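Following: one structure in structure tokens, then a few remarks.
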Amino acid sequence: MENKSVNRNHAVIIMTRYPEPGQVKTRLIPALGEEGACRLHQRMVEHTMATARNFSFVFSSELFVFFYGGSEMLMKSWLGSDAWYLPQLAGDLGVKMSAAFHAVFDRGFKTAILIGTDCPDIDNNILSESFSLLEKTEMVIGPAADGGYYLLGLKKRYDNLFKGIDWGSDQVLSQTLSAAGNVHIRVSCLPELADIDRPEDLIKIKGISTFSAGSQYS
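Structure (structure tokens):
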């Protein structure tokens with residue numbers, strides 16, 4: 002990937018984990034079991050990757066995957082070799098995301114959006130709107146229904162956005178917006194979407210054709 006001709010304008014960052022039973026979607030294990038939770042994780046990552054890959058092709062952006070577990074070789078074998086694969090830095094989620102933005106901006110990219118793989122409703126329209134908003138603001142955020150966020154878009158590094166945040170709580174969005182306000186960052190918000198994190202969230206994937214909340218995960 003390092004030898005590829007690269008468009009340095011836009012980057013899409015995906016944060017994810019290599020699928021290992023018992024290590025992914027742990028909040029869903031009580032409902033689906035370790036194997037079922039792992040299969041759902043795998044499908045959600047593949048769904049997000051397909052969306053991001055399609056967007057990157059149509060809109061000439063570069064795709065980065067920051068992974069935990071597995072290896073670069075395993076990730077490429079699973080998801081394909083048409084992306085940059087980099088291991089996540091050790092630390093909490095804020096450290097990992099901050100490091101991902103650092104890595105992308107250090108490579109000369111002008112704008113970057115970061116997403117996870119918990120929100121199957123992210124589509125080309127959401128990604129396109131994110132980059133459009135970044136043309137006239139400094140930060141774009143996609144509120145999640147659980148009080149977190151499913152997308153963060155930036156044009157430069159703001160390390161303070163990732164410090165003092167209660168990751169995994171319902172205060173992540175409000176604390177991040179407060180951190181942005183403290184340093185006068187102009188923020189635009191995307192539509193609210195739902196994450197799939199807990200057993201009660203599984204009902205939300207029934208209407209998504211890529212998934213079925215049936216026996217294949219149990």
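In the numbering used here, the protein residues as written are 2 to 219.
The beta carbon of each residue, even a glycine, is placed where N, CA and C say it ideally should be.
A quick note: this is a predicted structure, and the numbers were derived from the prediction, not measured.
Integer-rounded CB distance, given that residue j should sit under 8 Å from residue i
i	j	result
L80	M50	5 Å
A113	G149	19 Å between Cβ atoms; not a contact.
A32	F67	Rounded, the Cβ-Cβ distance is 27 Å, inconsistent with contact.
K111	K156	7 Å
L115	L152	7 Å
R158	H103	6 Å
I166	G109	That belief does not hold up - the Cβ atoms of I166 and G109 are roughly 28 Å apart, past 8 Å.
Endpoints, alpha helix (DSSP H) assigned at residue i
i	result
L178	173 to 183
E63	Here E63 belongs to no alpha helix (DSSP H); instead the beta strand (DSSP E) covers 63 to 69.
A195	Careful: A195 lies outside any alpha helix (DSSP H) and carries neither H nor E.
E104	In the sequence on display, residue 104 carries Ala and not Glu. Looking at the DSSP string, the run of the alpha helix (DSSP H) that includes A104 is 94 to 107.
L153	Where L153 is concerned, there is no enclosing alpha helix (DSSP H), although the beta strand (DSSP E) it sits in stretches over 150 to 155.
S133	125 to 135
K205	No alpha helix (DSSP H) holds K205; DSSP gives it neither H nor E.
W79	73 to 80
Limits of the unbroken beta strand (DSSP E) element including residue i
i	result
S85	Sequence inspection shows Trp at residue 85; the Ser mentioned does not correspond to that position. Taken as a continuous stretch (DSSP letters only), the beta strand (DSSP E) holding W85 covers 85 to 88.
I142	140 to 144
I114	112 to 116
Distance, residue j Cα to residue i Cα
i	j	result
D160	S99	6 Å
L128	F56	7 Å
S78	I30	26 Å
A12	E130	14 Å
S223	E47	The displayed coordinates of the chain run from 2 to 219. Any statement about residue 223 would go beyond what the structure contains.
T27	G117	16 Å
I123	I15	12 Å
T52	N125	7 Å
A214	L203	Because A214 carries a pLDDT of 42, less than 50, the predicted location of this residue cannot be relied on, and the following value inherits that uncertainty. Each residue's Cα considered, the two are about 6 Å apart.
C190	F65	23 Å
E136	P20	35 Å
G37	C120	18 Å
T17	N10	23 Å
V105	A84	13 Å
P22	G169	21 Å
R187	F58	29 Å
L134	D107	22 Å
M76	H185	38 Å
V25	H42	7 Å
G34	D171	25 Å
P200	R40	15 Å
Any non-hydrogen atom of the ligand GTP closer than 7 Å to residue i Cβ
i	result
I30	Judged by which ligands are present, the structure shown has none, so any question about the ligand GTP falls away.
### Query
Which ranges does the beta strand (DSSP E) cover as unbroken runs of at least 3 residues, wholly within the stretch 7 to 56, from first to last along the chain?
11 to 18
inquiry  = Is it the case that the stretch 137 to 145 contacts the stretch 83 to 102, given that we only count it when at least three CB pairs across the two stretches are under 8 Å?
reply    = no
Meets three-Cβ-pair contact criterion under 8 Å: the stretch 62 to 77 and the stretch 134 to 142
no
Does the stretch 195 to 204 come within contact of the stretch 172 to 187, defined as at least 3 CB pairs closer than 8 Å?
no
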